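The next block holds one structure in the form of structure tokens; read it before the comments.
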Amino acid sequence: DAGITQSPRYKITETGRQVTLMCHQTWSHSYMFWYRQDLGHGLRLIYYSAAADITDKGEVPDGYVVSRSKTENFPLTLESATRSQTSVYFCASSVRGLLYEQYFGPGTRLTVT
Amino acid sequence: QKEVEQNSGPLSVPEGAIASLNCTYSDRGSQSFFWYRQYSGKSPELIMFIYSNGDKEDGRFTAQLNKASQYVSLLIRDSQPSDSATYLCALDNAGNMLTFGGGTRLMVKP
């Protein structure tokens, strides 16, 4: 049972480049989430999705784009990466919803130079 | 005032002792409360959730919720070195998303 997987696990990119972080879950959970974790800020919600083709903004959506064409996949794209987007990104899912228990993937450490 | 406040620690306890982790919050309307454990370099792992005032026990872990005083606690009995991690409190904020605290780092010394 793989649960949630994220790829790549580590990524170094340059300012201005487009980067896509992948998230795949095998539980068929309806809800999926993207968070970033930074020292001093904790975990902050970027975007979430309640179902395929339904996405909504979280607390810090600027500079990010998401899509969800299939229930099991929820990619996060940084259209033009900036140094302030250097962070650890976690994907999560929930069977019950936005305000209920969420299960996290292993994370992607992104460095923007 | 931050929406979810936790003492960053580190909280140091000897092996076998009770570790008490606390979280205060500002939104009186919060209904769902969660504790996550995060080992260094790893992802958050759900330990417990609690929705009602009072205590909820699961093995060595007890979550305590007091909505009137706006705090939620996590007690870890018989603490083990393997419990050394950062513990994150999370709760629904204004009913539209989960908000996480910054976490408390726990160190259990053998």
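Residue numbers (our numbering), protein chains in the order written: chain A, 1 to 113; chain B, 1001 to 1110. Backbone N, C-alpha and C define an ideal beta-carbon position, used for all residues, glycine too. None of these values were measured; they are calculated from a predicted model.
Asked, Found
"Consider the Cβ of His24(A): report whether some Cβ of chain B lies at a distance smaller than 9 Å.", "no"
"When the cut-off is 9 Å and only beta carbons count, does Lys1067(B) lie next to chain A?", "no"
"Quick check on Glu1045(B) - is its C-beta less than 9 Å from some C-beta in chain A?", "yes"
"Apply the 10 Å Cβ neighbour rule to Gln25(A) and answer buried if 16 or more other Cβ atoms are within range, or exposed otherwise.", "buried"
"May I have the straight-line CA-CA distance separating Ser1008(B) from Phe74(A), to the nearest angstrom?", "32 Å"
"Leaving out the 5 sequence neighbours to the left and right, which residues in its chain are closer than 7 Å to Thr86(A) when beta-carbon positions are compared?", "Leu110, Thr111 and Val112"
"Measure from the alpha carbon of Ser138(A) to the alpha carbon of each residue in Val88(A), Ser49(A), Tyr103(A) and Asp62(A), then state which is nearest.", "No answer is possible for residue 138(A): it lies beyond the span of chain A, which begins at 1 and ends at 113."
"Ordered along the chain, which non-local residues of its own chain (more than five positions away) have a Cβ less than 6 Å from that of Arg1105(B)?", "Gly1009, Pro1010 and Thr1086"
"Does Leu1021(B) come within less than 9 Å of chain A when only Cβ atoms are used?", "no"
"Can you list, in chain order, the residues of the stretch 37-53 of chain A whose Cβ is nearer than 7 Å to any Cβ on chain B?", "Gly42, Leu43 and Leu45"
"Please state whether the Cβ-Cβ distance between Val88(A) and Gly105(A) is less than 9 Å.", "no"
"Using CA atoms only, rank isn't needed, just tell me which of Leu39(A), Tyr100(A) and Glu72(A) is closest to Ser84(A).", "Leu39(A)"
"What residues are listed by DSSP as bridge partners for Arg1105(B)?", "Thr1086(B)"
"Rounding to the nearest angstrom, what Cα-Cα distance links Ser69(A) and Thr55(A) in this structure?", "10 Å"
"Where do the N-terminal and C-terminal ends of the beta strand (DSSP E) with Gln25(A) fall, by residue?", "Val19 to Gln25"
"Out of curiosity, what's the CA-to-CA distance linking Pro1044(B) and Gln1064(B)?", "20 Å"
"In terms of residues, what are the limits of the beta strand (DSSP E) holding Ser1073(B)?", "Tyr1071 to Ile1076"
"Could you have a look at Asp84(A) and say whether DSSP puts it in helix, strand or coil?", "Note that residue 84(A) is Ser in the sequence shown, not Asp. Correct three-state label for Ser84(A): helix."
"Excluding the five sequence neighbours on either side, which residues of its own chain have a C-beta within less than 6 Å of the C-beta of Cys1023(B), listed in chain order?", "Gln1006, Val1072, Cys1089 and Gly1101"
"In terms of alpha-carbon separation, which member of Gly3(A), Glu14(A) and Tyr64(A) lies closest to Ser28(A)?", "Gly3(A)"
"Would you list the residues sitting across from Gln1038(B) in a DSSP beta bridge?", "Thr1086(B)"
"Could you name the residues of the same chain whose beta carbon sits closer than 6 Å to that of Met32(A), not counting the 5 residues immediately before and after it, in chain order?", "Ser49, Phe74 and Ser93"
"Please compile the residues from chain B whose C-beta is within a distance smaller than 9 Å of the C-beta of Leu78(A).", "Those within 9 Å of Leu78(A) in chain B number zero; the least Cβ separation is about 20 Å."
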